[in-house]
Every structure is written in structure tokens, then in C-alpha cells.
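Note that full-length UniProt numbering numbers the sequence shown so that position 42 is 42, with each residue one more than the last.
Down below is the structure, laid out as C-alpha cells.
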Amino acid sequence: MLCNECGESNISDAKFCQKCGAELGSGVKLAGLGDRIIAFFIDSLITMVLGFIVGGLMGVTFVFGGLSANDTSFVVASYLVGFLVFFGYFILLEGPLGGGQTIGKRILHIRVVREENLEVMDYTKSFVRNILRIIDGFLCYLIAILLIHSSDKNQRLGDSAAHTLVIKEK
């Protein structure tokens, strides 16, 4: 059970937090792996659609600008825009703009919060949390799944580094 005051993980039947001494009450419920995977799948579909729209607009711009898909600048710009769309979506929505919730997380009623006070994280923490998706994503997110499964706070690498939790809303 997590402490509402400090975010410390305690044994399930504890009455008081072992770290700060606060009364635990009902505690915070961590989001399960299934909810996190479904939310990520929804968000991936959304970023894919956004990527197609932006990519289509870029393609039209490049074609009418006299460039072709074989031009190095087009390829580099395409990768950069794809990177910005994907990571920008998560960084902005999991930060103050989205209140810790992407669209997928909102649908599944889960939220990313700061571990120390259970409030919405700032953009610096959101950047750290999400840029580490690059490592978490190796082997089709197997690293993230293993880390979440083995962590007492259900944290992937990005969560541990940014000191964040993904919680289930009441």
C-alpha cells in the first residue's frame, strides 16, 4: 500500500507509513500492467494518426516545393517530426497540460503523478520519464514490462528516474 503523504510503499495490511508515520487509510492504488498496456496502445494509435496527418502535410509541402522523398532533407525532417509528435504527445499530456493523463490514460482512469507528493509532474520530469521510453521500448517494451512487473511500485525505468508513479483514479 502506498502512503498518500510521501508515496512510500508499505506492506498491504500496514496501518501507518514506515517512512513518514502517516496513517495509511485506503492508500493509493497503483495502475496495473494491463491498464498501462491498453492506455499505451490507445496513445500509440493516436500518435500514429497524428504522424500520418503531419507526414501527409509535410509530403505535400515537399512535393510542391520541388523535393522528392529521396532527398536527404525530407528523410531527416520526417524522422525528426515523427520523434517530436510521439514524444511531444506524451511529454505535454503527462505534464501540466494534460494533468498527468494522455487520452489513453484518461480512458483507462489512470494518471502519472510525482512519487513524493502524488501531484502532476512538471515538464522536466515528464521529459526524463518519456525520453527513457527509448530504453524501455527495446524488444517491444519487454524491458518496461519486466521492470514494472518486478518493481514494488510498478515503475518502468522512466518512472524510477523521474520519481513518478502511475496510479488508478478512484
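For each residue, glycine too, the CB sits at the ideal point set by N, CA and C.
Top-ranked residue by Cα proximity to residue i, from the options
i, options, result
"I148", "Y141, I46 and R156", "R156"
"I134", "D152, F90 and E115", "F90"
"L142", "I37, A31 and I11", "I37"
"L132", "M48, L97, F87 and S78", "F87"
"L118", "V54, D136, S73 and L30", "L30"
"I53", "I167, A39, V85 and G65", "V85"
"G34", "L139, D136, I110 and L2", "I110"
6 Å Cβ shell around residue i - same chain, five flanking residues per side excluded
i, result
"K19", "C6 and E8"
"H163", "E115"
"V128", "A161 and A162"
"G82", "G51"
Nearest-angstrom Cβ-Cβ length linking residue i and residue j, presumed shorter than 8 Å
i, j, result
"Q101", "L92", "The Cβ separation is near 11 Å, so there is no contact."
"N130", "G99", "The pair is not a contact, with the Cβ atoms about 16 Å apart (cut-off 8 Å)."
"G55", "S78", "6 Å"
"A39", "L146", "Between L146 and A39 the Cβ distance is about 18 Å, and since that is not below 8 Å, they are no contact."
"V113", "I167", "6 Å"
Same chain only: Cβ atoms within 8 Å of residue i, ignoring 5 sequence neighbours per side
i, result
"L103", "It is worth fixing the name first, because residue 103 is Ile in this sequence and not Leu. Within the same chain, I103 has close Cβ partners I42, D43, I46 and L93."
"T61", "none"
"D122", "G95 and P96"
Residue interval of the beta strand (DSSP E) (run including residue i)
i, result
"I168", "Per the sequence shown, residue 168 should be read as Lys rather than Ile. Looking at the DSSP string, the run of the beta strand (DSSP E) that includes K168 is T164 to K168."
Beta-carbon contacts of residue i that lie in its chain and below 7 Å, excluding the five residues immediately before and after
i, result
"I152", "Checking the sequence shown, residue 152 turns out to be Asp, not Ile. If we look at D152 and ignore the five residues flanking it on each side, its Cβ neighbours are S9."
"R106", "none"
"S126", "I91, E94 and G95"
Check: residue i C-beta below 7 Å from any heavy atom of the ligand GDP
i, result
"Q101", "Among the components modelled here there is no ligand, and therefore nothing to report on the ligand GDP."
My parser needs the alpha helix (DSSP H) runs of 4 or more residues fully inside the UniProt domain "RDD" (30–162); what are they? Counting only runs of 4 or more, we get 33–64, 72–94, 103–108, 123–131, 133–136, 138–150 and 157–162.
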